[in-house]
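Numbering (my numbering), first residue to last: 12 to 551.
See below:
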């Protein structure tokens, strides 16, 4: 029997990136709980290879026409909506077997809030004696939505390392709860009691995450273990689409370098991690601190050839020769660069500076130090034009970088979420607030957003052909042949040749049938017309 069970729920979506679902927050909270004398277990419903088809939610039915048929070509997006991870019934049974009197459920992302609430309902049904509390980004931003579920007794807003031990101690001692930082609950007489989010005062006063409680077999990369590290909290930038920088309650804080390195050492030495992803919002912002961190990592782990990544993205103005050289020396193999947009008006709306010069400098440095590079743009935001997004794609076409296209979604707690509410653009349900659902339609229509996603795929395939040294398919006799579903490159070259000829983006079913994707023809035509004047570069 255990005192506290912490649960990462399953999710339902078109895809899952396993290496980005390591429940780092739960491991951090578990360590804080253990440090206060509680026995803790983590039930990670996503630490499973299981997945099965799930019904597409009714609120997402309007995008089914874009993803209706399977596609094995390089221009594929999404097709089958699935349930990833353990079933709700299995989770409820395991919660009962744990005997935990307090169950904490993570509700990080609003699109998956319904799965978190279904997890709570399943646990309450099978384990009615357990008290259920929910935390995470969604619970912090929308406690009213969470507390509408009768299965959830409490919400903890903000950083759970502070509040969950206090809640557990108060429940065990039957003390009043109203003064616990971040707590929200239903008042006996009606209405809600909601406290401001909890904040960790000094990050190094809290124990290192209890990663020994995680099932690490699911989280591997290239045959080696992987780990997530968060070396800082918060972000001082105020990008309009981000709920972290826009959160006035969440200060920007750096962990001491020795504290971070000790965490990495635990992951590497005790758990065999070879891949470390820093999930910081802005890892390289403090240059001196970042250089100290990189130097210490290289000194301690250089001979182990770690692979490091910052998959949340790096702010290009923070990267100079010294920094990029130190990143390469410490084990970074790629730069994930946040571009946002090249359009001046859109940058003003995003509250972001124009980073094109810094972006180009970072790409030059990446090439000099043999690093790959990915450049991320946002499409489909309020007031953003699809034509400006085509310009962003062509900007990336001329550079040695992979194009990352992110469809805008309204993140609760961000300034743009409030803007969407004022413009009456918010989707009807939390599950619709995801990029794959093409959640808003304003100056960029949904069909234009999905077209931009597919054009990004087309562009990256063209870059791939450059990297392989293959000729333009328009000059190859293979363009008139039949695509082979088992040969993705051959099939892609044939379909690309047809796209270059008539502007229609086609898919290929597993049994070899070619079909047209639903796109906005005028955007494809604009892309093709401008592409003739672009000096296309690969990614190598």
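The beta carbon of each residue, even a glycine, is placed where N, CA and C say it ideally should be.
All figures in this text were calculated on a predicted structure; none of them were measured in a lab.
Of all alpha-carbon atoms in 548, 465, 181, 107, the one lying nearest the alpha-carbon of residue 89 is that of 465.
Beta-bridge pairing by DSSP links residue 355 to no other residue.
In the structure shown, residue 145 adopts extended strand secondary structure according to DSSP, grouped into three states.
Within the same chain, and ignoring the five residues on either side of residue 550 in sequence, the residues whose Cβ sits closer than 7 Å to its Cβ are 383, 411, 412, 413, 474, 478. Between the stretch 39-58 and the stretch 216-224 there are three or more C-beta pairs closer than 8 Å, enough to call the two in contact.
DSSP places residue 286 inside the beta strand (DSSP E), whose first and last residues are 284-289. In this structure, the CA atom of residue 327 is about 32 Å from the CA atom of residue 531. Comparing C-alpha distances from residue 29 to each of 61, 422, 68, 206 shows the shortest one belongs to 61.
Of the residues 377, 349, 372, the one whose Cα lies closest to the Cα of residue 364 is 349. If you ignore the 5 residues before and after residue 67, its C-beta comes within less than 7 Å of the C-beta of 75, 92, all in its own chain and listed in chain order. Spatial neighbours of residue 193 in its own chain (CB-CB distance under 6 Å, excluding positions within 5 residues in sequence) are listed in chain order as 167, 168, 169, 174, 206, 208, 209.
Under the three-state reduction of DSSP, residue 471 is assigned to helix.
Between the stretch 273-286 and the stretch 449-459 there are fewer than three inter-stretch CB-CB distances shorter than 8 Å, so the stretches are not counted as touching. In this structure residue 355 is exposed. Its beta-carbon is surrounded by fewer than 16 other beta-carbon atoms within 10 angstroms. By the CB criterion at 9 Å, residue 86 and residue 516 fall inside the cutoff. Note that the C-beta distance between residue 123 and residue 20 is below 9 Å. Inside the stretch 207-268, DSSP marks whole beta strand (DSSP E) runs of 3 or more residues at positions 235-240, from first to last along the chain.
Sixteen is the threshold: since fewer than 16 other Cβ atoms of the shown chains lie within 10 Å of the Cβ of residue 316, the residue is exposed. Fewer than three pairs of CB atoms, one per stretch, sit closer than 8 Å, so the stretch 490-506 makes no contact with the stretch 102-118. Per DSSP, residue 308 is not a residue of any beta strand (DSSP E); the alpha helix (DSSP H) it occupies stretches across 298-312. When DSSP reads this structure, residue 271 sits in no beta bridge, so it has no partner. By the beta-carbon neighbour count (other beta carbons within 10 angstroms, threshold 16), residue 503 is buried. Boundaries of the beta strand (DSSP E) around residue 117: 113-117. In this structure residue 367 is not in contact with residue 251, their Cβ atoms being roughly 19 Å apart against a cut-off of 8 Å.
Excluding the 5 residues flanking it on each side, residue 119 has same chain C-beta neighbours closer than 6 Å at 147, 148, in chain order. Shortest Cα-Cα distance from residue 513 to any of 324, 537, 108, 404 involves 537.
Per DSSP, the unbroken alpha helix (DSSP H) holding residue 127 starts and ends at 124-137.
Restricting attention to alpha helix (DSSP H) runs no shorter than 4 residues, the stretch 385-451 encloses them at 397-408, 426-433, ordered along the chain.
The way I'd put it, the stretch 32-45 doesn't touch the stretch 124-136; fewer than three beta-carbon pairs between them come closer than 8 Å.
The shortest CA-to-CA distance from residue 296 to any of 195, 307, 271, 325 is the one to 325. Within its own chain, the residues whose Cβ lies closer than 8 Å to the Cβ of residue 523, once the five positions on either side in sequence are excluded, are 493, 494, 495, 496, listed in chain order. Residue 527 holds the alpha-carbon nearest to the alpha-carbon of residue 80 among 541, 134, 59, 527. When the five nearest sequence neighbours on each side are left out, the beta carbons in the same chain lying within less than 6 Å of the beta carbon of residue 400 are those of 390, 463, in order along the chain. CA-to-CA, the gap between residue 78 and residue 387 works out to about 23 Å. With contacts defined by Cβ atoms closer than 9 Å, residue 416 and residue 377 do not form a contacting pair. Between the alpha carbons of residue 187 and residue 65 lies a distance of about 42 Å.
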